[in-house]
Every structure is written in structure tokens, then in C-alpha cells.
Amino acid sequence: MSDQPSIDSVRAATIVDPKDRKSFALKDRETRGDRIFDSKKDAKASLEADALAINELQDAMFACKAGALLVIIQGIDTSGKDGTTKECFKYTSPLGVNVFGFGKPSEEELAHDYLWRLHIRAPKRGFIHVFNRSQYEDVLVVKVRNLAPPKMIEQRYEQINAFEKLLAENGTRVLKLMLHISKEEQGVRLRERLEVPAKRWKFNPADLEDRKLWDKYQQAYETAIQRCSTPHAPWHVIPADSRSRRDATAARLIRGELEAMKPSYPDPGYRLDQFEID
Ligand code: ATP
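My numbering applies: residue 5 is where the sequence shown begins, and numbers increase by one.
This is how it looks when you write it as C-alpha cells:
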């Protein structure tokens, strides 16, 4: 479709520039997304085109196994981490995409360093892995709820940067998406979860406890993004109050990462005239 904003312009509208990361403030970022997509209709058309392209690019990537893509999705409760994943990969072959959610660490996970559970789920060549929550929980919920000593948390930003650099230098592109919603929109979505029977299973009273800590979470996100938007794995802040614009923006960025990998089908050199197939 011709009306899609270019991938470069979507990148420019969402990226947290690593050179200027210290001045990043969440309050400077819009939550509506209508500067990227004028209308929901445009956003939906763009998403359709990109979801189809993501499937084709993934297919070639799976065949040539030249690299991998890790998509990290973070956002406060109800920001749409599941929904974004479903929409962006709705046409992608399940053979090449794995999605992992990171909730409270298990006893086994807690017995290792905090990056262990992430590293063993990083993608091998040819694959896309989506992390629904990630290593960033260890500087978000862990910080807000004082689940580790402050000194330990302080060390983690550089550890996370080093971990992501290791992945990037070994053939995995790391795309980090923060879904940015307003407090008002979260209120609407929490009420919706209680009102709509098909969404009620998603309601967790603990989400209301986290909502009371809204400002602390925003602060923790801001710090994490300031400290960890790096040249090898920059953060993108996606306006997420509108579901269709959110999904379309994420899909543009995912397609951009896959196109940058330039996946192409390998040619092992076999030709039909070399074989007899009865
Ligand atoms: P969603 O992630 O979509 O909101 P959910 O709440 O059902 O769904 P779960 O996998 O059950 O997802 O758990 C997510 C919870 O686990 C969040 O409250 C999150 O803050 C918490 N969590 C994630 N990582 C950690 C961590 N390292 N330490 C403590 N709590 C964590």
C-alpha cells in the first residue's frame, strides 16, 4: 500500500536515540500514535501489508539461517503485549516463531543469575523469538517492589547492555519495544477486563496494586530506557493507547529489522534436469 509511513520515519518517531538517551523523558512521548498513522483505517491496512511481509521474510530467514531476531516487548499491565504479538505474527508460520512470557521467576530460575532464563531462550539462527516481558523486569518490578538490594539493581543496567551486545555481535538483532499507554487508558482497559466475559480471565487484582505504583513504574521505565538504549539494541517507545496504531507501528519496526537482515533463499545448486522423479 502506498499510504504507509516509511519504516525510517516510524523508526525516527519511536527510537530513543542512544546518543541522546540521558535526556529521554517518557512525558515527552505521545501515547495516541496519530502522528504516525492519521487514521485507524490506515493503521489497519498497514498492519495487513506488514504482517504478510513479515511471514515472507521469516520464511526466507528460516531457509537461509543467516541470523536471528529477538523482539523484546515491555509495557505496563494492559498495554497490549499479547495483542501486539498476535497481530504482528498472525500470518507467520509457527515453525519459525517462538513466544516466551516471563512472569515471577521459579525456584530453579532464582537459583541462577537473573539472565540465565533469558539467555537459554534467545533465538537460534533462522528464528524469531518474542519475549513478553524480559530481563527488564529485573530493573522494573524488582526495583519498584524492592525485591533486590539497590546496589545489585544498579549493576544490572550495564549487565543487560553487555548481554544484548553479546547477542548482537553473534548474529541476533535485538528489537526492543516499550508499549506506552496513558493512565486513563489503562483505567478503561482494566474496567473492560471486568465487564467483558471473554476478557475477565485476564483480570488480576494485583494489577490494581501495580496501578497504585504508576509513577514509580514510569520512573523505573524511564531509567531503564535511559540507561539501556544502546547502538546495538536501541529502545523504541510505541504509542499504545490505540490498539490498531500500536500494532501497525510495531509491525513496521519488525518488518524493518527483517528487511535489514536481507534474508534470501539459499540455492544448493540442484536443477530439475539433474534428477529423474518418477
Ligand atoms: P501479562 O504479562 O500479559 O500482564 P500476566 O500478568 O498474566 O500477563 P504472568 O506471566 O502471570 O503474566 O506474570 C507477570 C508478572 O510477573 C508481572 O506482575 C511481572 O511484574 C512479574 N515478574 C516478571 N518478571 C519478574 C521478576 N524477575 N521478578 C519478580 N516478578 C516478575
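In this text, a Cβ means the ideal position worked out from N, Cα and C, and glycines have one as well.
My assumption, with CB atoms under 8 Å, is that residue i sits in contact with residue j. Please give the rounded CB distance.
i	j	result
T35	D245	4 Å
Q26	Q230	In the sequence under discussion, the amino acid at residue 26 is Lys, which differs from the Gln named in the question. The pair is a contact, with the Cβ atoms about 6 Å apart (cut-off 8 Å).
S138	I76	5 Å
N136	V103	6 Å
V143	R125	The Cβ separation is near 18 Å, so there is no contact.
V148	L194	18 Å between Cβ atoms; not a contact.
L1	T18	The question about residue 1 has no answer, for the chain in this structure spans 5 to 282.
E2	K203	Because the chain spans 5 through 282 in this model, residue 2 falls outside it and cannot be assessed.
I164	Q62	Contact flag wrong, Cβ pair sits at about 26 Å.
R129	A64	About 13 Å separates the two Cβ atoms, so there is no contact after all.
Taking the beta strand (DSSP E) that residue i belongs to, which residues open and close that run?
i	result
N174	Counting along the chain, N174 falls outside any beta strand (DSSP E), and DSSP gives it neither H nor E.
V241	239-243
Tell me whether residue i, by its Cβ, gets closer than 7 Å to a heavy atom of the ligand ATP.
i	result
R250	no
E189	no
V145	yes
E141	yes
P153	no
P109	yes
G87	no
D81	yes
F207	no
N150	no
F135	no
F93	no
Could you spell out the range, first to last residue, of the alpha helix (DSSP H) harbouring residue i?
i	result
Q223	218-232
A202	Looking at the DSSP string, A202 is not in any alpha helix (DSSP H), and its letter there is neither H nor E.
F66	44-68
Ordered list of alpha helix (DSSP H) runs contained in the stretch 77-150, each at least 4 residues: Fully enclosed alpha helix (DSSP H) runs of 4 or longer: 85-92, 111-114, 120-123, 145-148.
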